[in-house]
Amino acid sequence: MHQNVFDYIHVEDRSEFQQQLHWAMKPELQCPNPDIHSPTVTGEDFSVSLFSPEKGDDIPVEFQCFLQRCFISRLRCLLDSTSGFLTMQFQGRLKFLQGQRRKTTSGATLPPQLALFCVAAPVVKPIIAEVKSRATMIKSKQKNVTQSVAEPSCERRHLNTGRMTDGGEPTIAMEETDREAVATAAQRVAGMLQRSDQLDKVEQYRRREARKKASVEARLKAAIQSQLDGVRTGLCQLHTALLDVKSIQGSLADVSKDWRQSINTIENLKDVKEAVVQHSQLASAVENLKNIFSVPEIVRETQELIEQAELLQAHRKLMDLECSRDDLMYEQYRLDSRNTHDMNLIRNYFGEVQGLSEELAKQLWMVLQRAIVTVRRDPTMLVSVVRIIEREEKIDRRMLDRRRQTGFIPPGRPKAWKEHMFQVLEGTVCTRIEGTQSETRESDKMWLVRLLEITRKYVLDDLTVVKNLMVQCFPPHYGIFRIFFDLYHRALSARIQELAAEDLEANEIVSLLTWVLNTYTSIEMMGHPELAAECDINELEPLLPQDMVDELLHKYIQTISSNITGWLRKALETDKKDWKRDTEPDADQDGYYQTSLPAIVFQMFEQNLQVAAQINETFKEQVLHLCLKQMTSFLQRYREETVVYKDEHLKYRQLPQCYVQYMIAIINNCQTFKESVNSLKKKYSLTTEPTQNDAAIDRTLSEVAKDGCQFLLDEVFLDLEHHLSELLTRKWLGGCHAVDTICVTVEDYFNDFARIKKPYNTEMTSEAHRRVVVEYIKAVMQKRITFKNADERKAGADRMIKEAEQFKTLFGKLSAGEDTDRLCDSITAIAEVFKLTDPSLLYLEVSTLVSKYPDIREEHVLALLAVRGDANRDMRQTIIETLNQSKVSVAAITQPIFRDITVPTIASMAVPKLLK
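As structure tokens, this is what we get:
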């Protein structure tokens, strides 16, 4: 088993089990003899004193009964936890357990413990047959044993009864106790002899009870002996106390007798007391007689010493004068405190002393006001001032103690020069801080920066002087460096709050907050290594309250918000002026056109963010958010101005001369803006998650770029409008060069469009390709020509296939090899419809066209058939009905062609006629 055996013992039997483990069956027993082992030793120590561990089992016979054990206890059954407890009999003896080597906390070796060595066996109930056969035997033996056990109790009862008075209450109580004892003994014996096999152990029970009796008697004897020793000691102490009380009573009687006799003596000595007081006054007057007569001379000498800056000597003479005056006034106060005439006479005679004290104080304050300078030039002067103040502090304390005892205090006390010294130092520090400002905003725009830098230098220099020089001039308990440190901090806080309350500009707010939040606690100022060893800057209160800091930040945000709006408006106006110039815009290192607007805008943002970063990270995030918000509004105005620029150009297309180039620059600026925004966020933002401003900026820039590309394509197709109108006409069929001109014009324009940055360049090429094809197909749908015969249809179809190849070659070149076949193939597919010679197969060719381009509509098919010229009314009706039955979904078309192509009204009106 690896568990404590007490965990298996029944809760009600654990205390008895613990008693069995002690030699006297009383674990809390203390040693009755205080001289053994220690003044108060435990029962375990007492057992060691009675039983020697060195003797082993060689224990005297009279003590062996204390170590024998035989008892019953209930233990939990380990084999079946549901069977309850099993009654076990433990029989053995207590022995010393050697080899434990226990030690106290001090390292001393403890004696061995007594341990129980026993045999435990379960108590088995007898079978029913044995119980019946031995019932009579058990009863008879039980009766004999009960009588034999009860005899000693009866004897004691008769013995005690004989000692009591007749009919007394103690006798009745003893009889009752005897009866209870007999009943308890009988009950216990009955419990022992419940089974027939227990009769064999009657003698063993008798010996065990005898041992218990001897143990109890030994314990009673020890307890009674201890009580008797305590009573004996108490009686001795009471006897001694009685003798002391009698002695004190006699002494009190003698004192009372002497006191009654001395009452008359006190009355007779009243005159002597008055004489003693007069003698004390006269003695004081005699002692100060020399000073009294020489007061005018001493006053004059003191005045000269003060003028010569001999402050210690002057203070010595002043102390003598004040001492003489104070002693005379004190004696007069003792004689008659209500005699104001004599008191005023003394005060007037020493009237100049108060003036000397004030004059000396002025000199002290002057020295302290120049303490920073004085400690460098003549530190002994500052030491003299401190010594004088310390002397006055001692005199103040002595005079205050006298006032508490007698109620008298000399005039001008307490002087409290030490307290006034700190007030002078505080005023000196405040004056020094306020005196650093020598310029104003009107004389110098950088006045606040210069002021803060001068203040930083002065404070650091002054505190360094205090630490290295002034600390040696003051007593250590003054803590003068800490005092100066706090004085400068409070003075700076007051001065900074005054500056913050003024109407500061934006750059001044940043300078002030940067100095307060960063510079002040850095190693350049209060965190300097020489100062950090003496004071912890983290314990300082902030120079500015948080509400004032928040107010300044809010004011700065409002100011720069207004400034940024103005700066962006000016930048846009400047850029608009450049759009009307006759010279091309500048190009970057890759040859892409651009204007200076993005650089100006983001240089402005960069400067504001750098300034904000000097304050703290949170404020930097706020400024970045403000810049991006302003950027969103600015781009909306930028888009509006781009539209206005296009509209003005369309009024007179010759001006401005570089319209295309500057529109290209506007498109390129959008890409530059995107890159700059990402760079700005990456550099100054702590988070990379996109915000609402980011989405709005990206969306607006995409719209501006898309509008710009559309405006340029509009410019191209305005030049192509005449040539597009010649397509699919008789002139075109006769052999005009409209498509050649279109290709040359597009290629020429796209030579300039090559200066557009990607991806806008690629998107613009794709859009131009789509629009050319759409315009070509529109010319077909407008039915400008109707083929008269198969030769014309073949000639027209061949020309369309050739021109489709021209478009494919052109845009393949412009798109740098990207797939351009699908758009141009639509022209080829229409040509195949025209080229077909057998009208009966026309349905199949149209079906092929519709399957390739599902967005084609009925009016488109009718227009094609009308241009072909050989499809009668029934054929057209049949083709349309068949196509409607096999309609293909157009939802999945990635690049629709026919969706935006409308058929002229005449053709749409003809559809109902054909369907009738």
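Numbering-wise (the numbering used here), the sequence shown opens with residue 2 and increments by one. Backbone N, C-alpha and C define an ideal beta-carbon position, used for all residues, glycine too.
Is the distance from the Cβ of D327 to the Cβ of P411 below 7 Å? yes
Whole angstroms are fine: how far does the CA of P657 sit from the CA of R582? 7 Å
Does the beta-carbon of Y663 have 16 or more other beta-carbons within 10 angstroms, so that it is buried, or is it exposed? buried
Quick test of the definition: if touching needs 3 or more C-beta pairs under 8 Å, does the region 782 to 796 touch the region 748 to 765? no
For F620, collect the residues of the same chain with a Cβ closer than 7 Å to its Cβ; drop the 5 residues on either side in sequence, then sort them by chain order. L554, A613
Could you pull out every residue in the same chain whose Cβ sits closer than 8 Å to the Cβ of R640, ignoring the five residues on either side in sequence? T701, E704, V705, D708
Beta-carbon contacts of F86 that lie in its chain and below 8 Å, excluding the five residues immediately before and after: H11, R75, L76, R77, C78
To the nearest angstrom, how far is the alpha carbon of I510 from that of S385? 46 Å
Contact belief for M330 with I347 at Cβ below 8 Å, rounded distance in angstroms: 5 Å
Closer than 8 Å by C-beta to I437: which residues in its own chain qualify, once you throw out the five before and the five after it? Chain order, please. In the sequence under discussion, the amino acid at residue 437 is Thr, which differs from the Ile named in the question. So the list reads L452, I455, T456, Y459, once near-sequence residues are dropped.
Nonlocal neighbours in the same chain, by C-beta distance under 8 Å from T375, ignoring five residues either side: V368, M382, L383
What's the gap between the Cα of Q922 and the Cα of V644? Nothing in the structure corresponds to residue 922, since the chain is present only between 2 and 917.
On the premise that L545 lies in contact with I497, defined as a C-beta separation below 8 Å, what is that separation, rounded to the nearest angstrom? 6 Å
Going by DSSP, name the residue or residues bridged to K1. The question about residue 1 has no answer, for the chain in this structure spans 2 to 917.
Roughly how many angstroms separate the alpha carbons of I73 and A109, rounded to a whole number? 38 Å
Can you list, in chain order, the residues of its chain with a C-beta nearer than 6 Å to that of T429? Leave out the 5 residues immediately preceding and following it. Q370
Please report the Cβ distance between Y685 and L625, rounded to the nearest whole angstrom; I am assuming they are in contact, meaning their Cβ atoms lie under 8 Å. 5 Å
Can you give me the Cβ contacts of K779 inside the same chain, cut-off strictly under 7 Å, excluding the 5 residues immediately before and after it? I902
What are the boundary residues of the beta strand (DSSP E) that includes S74? 69 to 77
For P477, count neighbouring C-beta atoms within 10 Å of its own C-beta (all shown protein chains included) and say buried if the count is 16 or more, exposed if not. exposed
When you compare the CB positions of Y594 and A588, do they come within less than 7 Å of one another, or not? yes
DSSP three-state assignment for K621, whether helix, strand or coil: helix
Which residues does DSSP list as the beta-bridge partners of Y594? A588
Can you tell me where the alpha helix (DSSP H) with G352 in it begins and where it stops? 352 to 370
For the alpha helix (DSSP H) that K682 lies in, which residues bound it at each end? 660 to 685
Using alpha carbons as the reference points, say which of E642, Q631, T742, E690 lies closest to I698. Q631
The region 527 to 543 / the region 465 to 475 touching (three or more Cβ pairs under 8 Å): yes
Can you confirm whether the region 752 to 766 touches the region 797 to 807 when touching is taken to mean that 3 or more C-beta pairs between the two stretches lie within less than 8 Å? no
So which of L283, R433, L866 has the shortest CA-CA distance to E332? L283
4-residue-minimum alpha helix (DSSP H) runs that sit fully inside the region 249 to 331, ordered along the chain: 271 to 288, 290 to 294, 296 to 308
Closest by CA to A830, which one among R339, T838, E846? E846
Segment limits, beta strand (DSSP E) that includes L95: 86 to 98
For K104, does the count of other Cβ atoms within 10 angstroms reach 16, so buried, or fall short, so exposed? exposed
Report buried or exposed for M422, applying the criterion of at least 16 other Cβ atoms within 10 angstroms of its Cβ. buried
Can at least three beta-carbon pairs, one atom from the region 859 to 876 and one from the region 824 to 840, be found at a separation below 8 Å? yes
If the criterion is Cβ atoms closer than 7 Å, does the pair L824 and A769 meet it? no
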